[in-house]
Amino acid sequence: MTTDTSHSIMKERRLERIVVPFAVDSTQQEALLMLKKLKITEDDAKPEQLCTRREYAGWFLRTNSQLERSRKHQINSCAALSGSTVTAFDDVTAQDPDFESIQSLAEAGIIRSKLSGKSSRTSLSDLDGEGCMNFCPDRFVSRQDLISWKVNVEYEVRPGITEEVSMKNIGFLDVREISSDVLVELFLHILFEEKSILKRVFGQSKRFQLRKPCTKAQAAVALASGRSMEFIHAEISRLEAENSSRETEIEEIKSELLERCEIK
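Quick look at the structure:
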């Protein structure tokens, strides 16, 4: 009896987990606030909450379509969906409320899907035993997603990049856990360190932890980094200038009406 009890206690100890609340820094709070001002994220989005893949897909597409100035990097949702005959994922049907954003990203080749063909660098974890492919929209978006999607829309894979990666020290202790295709994306991202979201989102770290889920605040920093950074600040400045001009106009009208004694 004592042996059984001891075994149960040891088993419980092995399964014990700790829960650490997500901390949100000023950079993350500012990024989420800016996206709320631009109506890219919902007003009630809480920075410490984990972000789902469907939420991030919608925010990603809205950020790109509203802010991207270059046609080369622009995702045209209407053009992407025009003539579509096959759903990109088995678990995202045309009736899904976020079908447009998820399908558009797949049609544009930003995310891997059934549409990517045999040459796609599809993760085995995305495929079930029958070869079906799921997007898993209600799973939390991972660190790998934040980097991969951003790299696929901002950078081009040039010839010989794989050989360069094999000779380059990426700098992560868990590099053996990272697949070769993700290593290429990480390498491209690190090449443009001045626009890198790695440190802005995750801070200084020697472990990438590609499957670790991300908060809405971290997702906001990722979306507000890279090419988007300049465009977001420009758009915020434009909106603030418009509001200031509108307030000045209202004050002038009020003053004019007061002079005429039409209002008190």
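Counting in our numbering, the sequence shown runs from 150 upward without gaps.
Even glycine gets a Cβ: it sits at the ideal position worked out from N, Cα and C.
Note that the structure is predicted; figures quoted are calculated from it, not measured.
Does the distance from the C-beta atom of Thr236 to that of Thr242 stay below 8 Å?
As a working mapping, residue 236 is identified with position 87 in the sequence shown. As a working mapping, residue 242 is identified with position 93 in the sequence shown. Contact: yes.
Taking C-alpha atoms, which residue in Ala366, Thr212 and Glu391 lies nearest to Ser175?
Translated into the one-based positions of the sequence shown, residue 175 becomes position 26. The candidate whose alpha carbon is nearest that of Ser175 is Ala366.
Are the beta-carbon atoms of Leu372 and Leu184 separated by less than 8 Å?
Position 223 of the sequence shown, counting from 1, holds the residue named residue 372. Position 35 of the sequence shown, counting from 1, holds the residue named residue 184. Cβ atoms of Leu372 and Leu184: closer than 8 Å.
When DSSP builds the beta bridges, which residues end up paired with Leu364?
Taking the first residue of the sequence shown as position 1, residue 364 is located at position 215. Before going on, a small fix: residue 364 reads as Thr here, not Leu. Paired residues: Leu199.
To the nearest angstrom, how far is it from the Cα of Ala390 to the Cα of Glu217?
The count along the sequence shown starts at 1 and reaches residue 390 at position 241. The count along the sequence shown starts at 1 and reaches residue 217 at position 68. In this structure, the CA atom of Ala390 is about 20 Å from the CA atom of Glu217.
According to DSSP, Ser291 sits in a beta bridge with which residue or residues?
Here residue 291 is taken as the residue at index 142 of the sequence shown, counted from 1. Looking at the DSSP assignment, Ser291 forms a beta bridge with Pro362.
In angstroms with no decimal places, state the Cα-to-Cα distance between Lys97 and Glu396.
Residue 97 lies beyond the stretch modelled for the chain, which goes from 150 to 413, so this question has no answer here.
Label Arg292 either buried or exposed according to how many other C-beta atoms from any shown protein chain fall within 10 Å of its C-beta, with 16 as the threshold for buried.
Translated into positions along the sequence shown, residue 292 becomes position 143. So Arg292 counts as buried.
For a test of the three-state rule: what should DSSP assign to Asn225, helix, strand or coil?
On the sequence shown, position 76 is the one that residue 225 refers to. In the structure shown, the three-state DSSP call for Asn225 is coil.
Less than 8 Å between the CB atoms is what I'm expecting for Phe289 and Pro196, so what's the real figure, rounded?
The count along the sequence shown starts at 1 and reaches residue 289 at position 140. The count along the sequence shown starts at 1 and reaches residue 196 at position 47. Between the beta-carbon of Phe289 and that of Pro196 there is about 15 Å, and that puts the pair past the 8 Å contact cut.
Could you give the distance in angstroms between the alpha-carbon of Ser268 and the alpha-carbon of Gly258?
Counted from its first residue, the sequence shown places residue 268 at position 119. Counted from its first residue, the sequence shown places residue 258 at position 109. Note on Ser268: pLDDT 39, under 50, position unreliable in the model; the coordinate value appears next. Rounded to the nearest whole angstrom, the C-alpha separation of Ser268 and Gly258 is 12 Å.
Start-to-end residues for the alpha helix (DSSP H) that takes in Thr176
For the purposes of this step, residue 176 is taken as the residue at position 27 of the sequence shown. Counting along the chain, the unbroken alpha helix (DSSP H) around Thr176 starts and ends at Ser175 to Lys186.
With C-beta atoms as the reference, is Arg376 less than 8 Å away from Glu303?
On the sequence shown, residue 376 is found 227 positions in, with the first residue counted as 1. On the sequence shown, residue 303 is found 154 positions in, with the first residue counted as 1. Taking 8 Å as the Cβ cut-off, Arg376 and Glu303 qualify as a contacting pair.
Helix, strand or coil at Val235 [DSSP, three-state]:
Start at 1 with the first residue of the sequence shown, and residue 235 comes out as number 86. If DSSP states are grouped into helix, strand and coil, Val235 belongs with coil.
Arg270 (DSSP reduced to helix, strand or coil)
If you number the sequence shown from 1, residue 270 lands on position 121. Here Arg270 scores only 41 on pLDDT, less than 50, and its place in the model should not be relied on; the value that follows carries that caveat. For Arg270, the three-state secondary structure derived from DSSP is coil.
If you measure between the beta carbons of Ile251 and Ala206, is that distance less than 8 Å?
Here residue 251 refers to the residue found at position 102 when the sequence shown is read from its first residue. Here residue 206 refers to the residue found at position 57 when the sequence shown is read from its first residue. Contact flag set, yes.
Under the rule that 16 or more other beta-carbon atoms within 10 Å means buried, what is Ala383, buried or exposed?
The residue you call residue 383 lines up with position 234 of the sequence shown. Around the beta carbon of Ala383, fewer than 16 other beta carbons lie within 10 angstroms, which makes this residue exposed.
Under DSSP, the alpha helix (DSSP H) around Arg376 begins and ends at which residues?
The residue given as residue 376 occupies position 227 in the sequence shown. Element bounds for Arg376: Arg376 to Glu408.
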